[in-house]
Every structure is written in C-alpha cells, then in structure tokens.
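First comes the structure, then the notes that go with it.
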Amino acid sequence: MQTIDPRNAISIRGLTKTYANGFQALKGIDLDVKENDFFALLGPNGAGKSTIIGIISTLVRASSGTIQVFGQNVATHVYETKLSLGIVPQEINFSQFEKVGDIVITQAGYYGLRGELAKQRAEKYLRKLDLWEKRDNRSRMLSGGMKRRLMIARALVHEPRLLILDEPTAGVDIELRRSMWEFLQELNRNGTTIILTTHYLEEAESLCRNIAIINQGQIVENTSMRKLLDKLARQTLIFDTCDELKTLPAFNDSDIQCNAIDSHSFEVSLSTSRDINGLYATLSDQGVLIKGMRNKTNRLEELFLSSLKS
Amino acid sequence: MQANHIYIAFETILIKEVRRFTRIWLQTLVPPAITIGLYFLIFGNLIGGRIGQMGGYNYVDFIVPGLIMMAVIQNAYANVSSSFFSNKFQRCIEEILVSPVPNYIILLGFVAGGMARGVAVGLIVTAMSFFFTSLHIEHVFLTLLVVLLTSMVFSLAGFINALYANTFDDISIIPTFVLTPLIYLGGVFYSIELLPSFGQWISALNPVLYMVNTFRYGILGTSDVNIVWALFMLVVFSAGLFAVALYLLRKGTGLRQ
Ligand SMILES: Nc1ncnc2c1ncn2[C@@H]1O[C@H](COP(=O)(O)OP(=O)(O)O)[C@@H](O)[C@H]1O
Ligand SMILES: [Mg+2]
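In the order they appear, the protein sequences are chains A and L. The numbers in the numbering used here rise by one with no breaks, and the one at position 18 of the first sequence is 25. The numbers in the numbering used here rise by one with no breaks, and the one at position 191 of the second sequence is 235.
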C-alpha cells in the first residue's frame, strides 16, 4: 500500500462495499486526488461511482477500507472532514415543497451559519448559479437544469475546499452544460478541488486534469487526462503474413511501433490521425506479403462504447 | 464542534419543522380543532348532561383535559413520524446526514418540532374548550410540564416509527393499532374507578393513563393516580425512548446503507 500524502484532498485505501443483498459494488478501491485538482471519475452505469461518493459522504457505510479528506479520516474526524466537503448528489434530494432560498439558507444552518451571513452566502451562490430570481419559488417548479444548479448552490453555501459532483450534467442541455462547466472551472481556479463523475469521456476531457476509470467496482486506469487521450489516440493493427517472418519490418518513423506476435503475424501501432497507406508501401518495399489485416480493439474504447450505449 | 454551531443547527431544524406544519396548517392544525371540537360538543354538551358526574366533576369538565391531552399526543406523534418519514422519502434527510450536525441534534430538532406542534394544537384546543365550559387551571406549572413531557414522549415514539418506516402505510399502522387504543383506554373518557379491579390493573400499564391523569390533576386538582409517580414514569419513558432513537440513528437504521 502506498503511503498517504496528507496534502491530498482525498485518499482512498482498500475500499470495498458489499450491499445488504450480497452484491459487491466495490472491490478494493485505491485512489488519490491532489489538492486543487480537477478530477474525473469516469465509468459506465453501475460501475460503483455513486457508491464511492455515498461512502465519502457517510450515506453509505464501507465494508472495509479507509477514506481521508485533507489528511483526516472521515470515520474518526467526522466534524472536520464534513466541513470541508460539499456534495452534489446524482438524484434530486431536496424537499419539493420548500422555497429555493429556504433550501440554501437551511443548509447553511446545518453548517453553523445563520442570519445575515447565511442570507449573504445563499444570495452569492444563487446569483452565481442564475437562480436568484427563483428564490421565492417552490423547488418543484424548477426545470431539471435549475434543480441541479440548486444542488450545486446548496453544496457550496459553506464554501467547502472539496466539491464532489455525481453526474452533474445528466439531463442538462448542451448550452447550460457549457455554462456549468465554466462555473466549475472558475471555482477550481479559485482553489476548490473538484471531483466529478461522469460517463461521458467528452465531459471529462474538456474539464479535468486527472482521471480514474472505474468498471465493475475496480479502478482500471488512473492517469492524467493527457496521457489517457494519447493512449486513446493510437490504434493497433494486426497483420497476418503469407510467409514466415524472418525479421520484423522496419519503419523509420518514431510514431510507429512494431511488435511480433508469432511467426506469421505482427502488430503495428500508430496515431489514429494518420493514414495507413504508407504502411503498405513500406511493407511491400521490404517484400512482406500481407494476407490479412484487422484492428485490435482498444480496451478503453470498448469501455466507453459500452458506457455510451447504456 | 462548537456549542454555537450545535445550537444553530438545532434552531435550523426546529425552524424548518415549524415552517412545515404552519405551511400545511389545513392538514395539521385544523383537523384536530374540528375533531376535538366535535367531541366537546357531542360528549361534553349533548351527551355529557345525561351522564352527570364523573370523578366528582361535570362530565364536560372531566373530559376536556383528557381531550386536550389526546390532541397533544396525536399531533406530536403525527408531526414527527410524517415529517421525518417524508424527509426520508424525498431524500432531503440527506441534507442533514451529509452535514456535520451530530445525531443527537437531529433527534432533538425533530422532537422539538413535534413538541411545538403538540403544544400549538393543545393551545388551540384549550382555547376552543372555553366555548363549552369555563376551565380554571389549578396548577399551571404542572400542567405545562405534563404537556411538554407528553409531547416529548410521543415525538420520540413518532421518530422511531419513521426510522423503521418504508412506506406511508408504515406510519399510519402504529397510530391506528397502538396509539388510538392506548388513548381511548387511557382514561380520557372515564375514570378508571369505573373499571373492575382487573381492568384497573391492566390500565396501570398504560402510559397514557399517567399523562392524562397528571394533566387532569394540573387543571382540576384531582387524579386517579399518584402524581409524583406519574411524572417519574414520564421522565423514564422520555429517557428510554431517547436512548433507543439515538442508538438507531447512530446505527443508521433506515437511513444509511
Ligand atoms: N442499495 C443497493 N443495494 C444493492 N445494490 C446496489 C445498491 N445501490 C447500488 N447497488 C449496485 O451497486 C452497483 C454500483 O452502483 P452505483 O455506485 O450507483 O454505480 P454508478 O454510480 O457508477 O452508476 C450497481 O450494480 C448497483 O446496482
Ligand atoms: Mg451513479
């Protein structure tokens, strides 16, 4: 187990969760998110994203493992860790009968803010999220996008250092999505660490610096957004040859990598942006006769395709 | 956690609870006024005159304290069970659960909300009783104390009910099958002197009997039961239910998966 850097906004070690019905939703999660990061937790539906967030926010109890928020264990330092956390859940969870303004002011009260201070904070975040005009409306009158923005305003009223959003743009139309992204980026620039879950790679790509991919309760990839994109930007082709391969074909190109598979096949990987005509030319120049060629599927791509379908 | 923060959190929950039952006053404050008003009219004035004396008083004077207590009990219980369950049902209970508010403040906040409704309805019903009889309160402090303790006991019971409830049916079963019989057999309408000794013995196990009788003592100055003992029982019930509710809350029963 790696040591934990106390400067991390969040450090998760060996987290597992088996629900009451016996289903194991998390199978040992290790994850670190640095302070000031903009982090994506990407994965298909049912991967376990909301379960992780549920455990961080204490709504779900872990079966085993630990979580530290800014160096403090959420199980033992409940008060301190909760003060530094803001949670925007996946499902709407405010009272449908309360007024928009009251919902945010009440939440401030749970964090020890009241009176003028609570009102000022509520106004500040309702304005930022374009809901100030709606402050006297009952929350059930809001549109889907407004409801989600209300949950963001509510999560920010105590100005947490770490904001976690569970699929914040689900059901939000494109235009609003952009303005929500801009808002989150500004918040992040001003020092708030942000973690969001999504099952759209595009969303993670435009916002996040680092990313973990989760599938079936396990982290399958944990890297920077740039490296992930580089990985996704390459394709691998498998060539079968007519004759036995004595030597591997040589490509004088740093972008192209060639590896043998067996005596009658080899694979070549290169950027997806390039054409492959040149490959054939080089191969025939070197006297390699190609019987067939196929595309090796990318494990990550498969994951995204399957998640887009669901 | 700072005392100041704890107090603000408590106040926030209480304000939210009071705002809720005053917002839906047609469902929370008017029905008990109508039902209890009808009891006053029918049992107090119309039938009461033929019954004559009960426990040494005109029947209407005898049942008025019992009926006020009935309203307090039902409304304290209903307020917490329905409000807390609807918080669970709409998931807005998560707003508090993810915040740093400690469990005992969550409990105290909702219980204080139930007590506020119990007392509010108690006052409305008491005011209405002046149309039917002229009550003179013998022991004001004791009367208030009993109302507060009783509404606390039933707010706590309503809270526990809501923790276990999964459907709206689950919060109407206990009032129908447990609360109503306890109240009707708890000396609201008759003095337990009327019962055979076996019936009196059974009645002595009914907590509502102590509440109704202590309250009646506070107003009229007479009681079927020992007042000190009754107050002691009320305190024991409150403490016991508080401990159970807090234990369930800590365990996350019905709230945390
Ligand atoms: N309360 C529960 N009881 C049993 N299984 C659950 C419960 N909540 C979630 N699950 C299961 O756990 C898995 C992970 O769910 P979730 O964390 O919500 O995934 P995600 O947020 O990534 O879509 C899913 O297969 C889901 O069906
Ligand atoms: Mg989810």
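Note that beta-carbon positions come from the ideal geometry of N, C-alpha and C, so glycine has one too. Note that this is a predicted model, so its numbers are computed, not measured.
Asked                                                                                                                              : Found
Whether L285 (chain L) touches V197 (chain L) by CB criterion (9 Å)                                                                : yes
Span separating the alpha-carbon of K316 (chain A) from that of A125 (chain A)                                                     : The pLDDT assigned to K316 (chain A) is 45, lower than 50, so where the model puts this residue is not dependable; a value taken from the coordinates is nonetheless given after this. Near 43 Å, if we compare the C-alpha coordinates of A125 (chain A) and K316 (chain A).
Cut-off 6 Å between Cβ atoms - residues of its own chain near Q242 (chain A), not counting five sequence neighbours on either side : T279
Close Cβ partners of H183 (chain L) (< 6 Å) along its chain, the five nearest in sequence each way excluded                        : G262
Own chain residues within Cβ distance below 8 Å of N302 (chain A), not counting five before or after                               : Q242, T243, L244 and I245
Cβ pair count under 8 Å reaching 3, the segment 58-65 of chain L against the segment 155-165 of chain L                            : yes
L264 (chain L) classed as buried or exposed, judged by whether at least 16 other C-beta atoms fall within 10 angstroms             : buried
Under the three-state DSSP convention, the category S282 (chain L) falls into                                                      : helix
N52 (chain A) Cβ short of 8 Å to ligand 2 heavy atom set                                                                           : yes
Neighbour flag for T65 (chain A) against chain L, beta carbons, 9 Å                                                                : yes
Contacts that S102 (chain A) makes with chain L (C-beta to C-beta distance below 7 Å)                                              : Q134 and C136
Burial state of C136 (chain L) (16 or more Cβ within 10 Å)                                                                         : buried
Test: R241 (chain A) CB closer than 9 Å to a CB of chain L                                                                         : no
Nearest residue (CA-CA) to V38 (chain L), options L:V288, L:T72, L:V280 and L:A287                                                 : For residue 38 (chain L) there is no data in the structure shown, the boundaries of chain L being 45 and 301.
Minimum Cβ-Cβ distance from E98 (chain A) to chain L less than 9 Å                                                                 : yes
Any C-beta of chain L under 9 Å from that of T254 (chain A)                                                                        : no
8 Å Cβ cut-off: residues of chain A touching Q118 (chain L)                                                                        : In chain order: nothing, as chain A lies at least about 22 Å away.
Residue-chain proximity (Q114 (chain A), chain L), Cβ-Cβ < 9 Å                                                                     : yes
Residues near S314 (chain A) by beta carbon distance below 6 Å, same chain, minus five either side                                 : Low confidence applies to S314 (chain A): its pLDDT is 49, below 50, so where it sits in the model is not reliable, and the reading given next is rough at best. Around S314 (chain A): P51 and H206.
Residue span of the alpha helix (DSSP H) that contains E228 (chain A), given as start and end                                      : From DSSP, E228 (chain A) is part of no alpha helix (DSSP H) but of the beta strand (DSSP E) over Q225 to S231.
Assigned exposure category for T56 (chain L) - 16 Cβ within 10 Å defines buried                                                    : buried
Near-chain A residues of the segment 139-151 of chain L - C-beta to any C-beta below 9 Å                                           : E139, I140, L141, V142, S143, P144, V145 and P146
The segment 227-237 of chain A / the segment 192-199 of chain A touching (three or more Cβ pairs under 8 Å)                        : no
Spatial distance of G21 (chain A) from G72 (chain A) (CA atoms)                                                                    : 5 Å
Chain L contact for Y26 (chain A) (CB, 9 Å cutoff)                                                                                 : yes
E274 (chain A), DSSP secondary structure in three states                                                                           : strand
For G299 (chain A): DSSP bridge partner residues                                                                                   : A:D247
Counted within 10 angstroms of its Cβ, other Cβ atoms place N284 (chain A) as buried (16 or more) or exposed                       : exposed
Within 7 Å of chain L by C-beta, residues of the segment 153-174 of chain A in sequence order                                      : none
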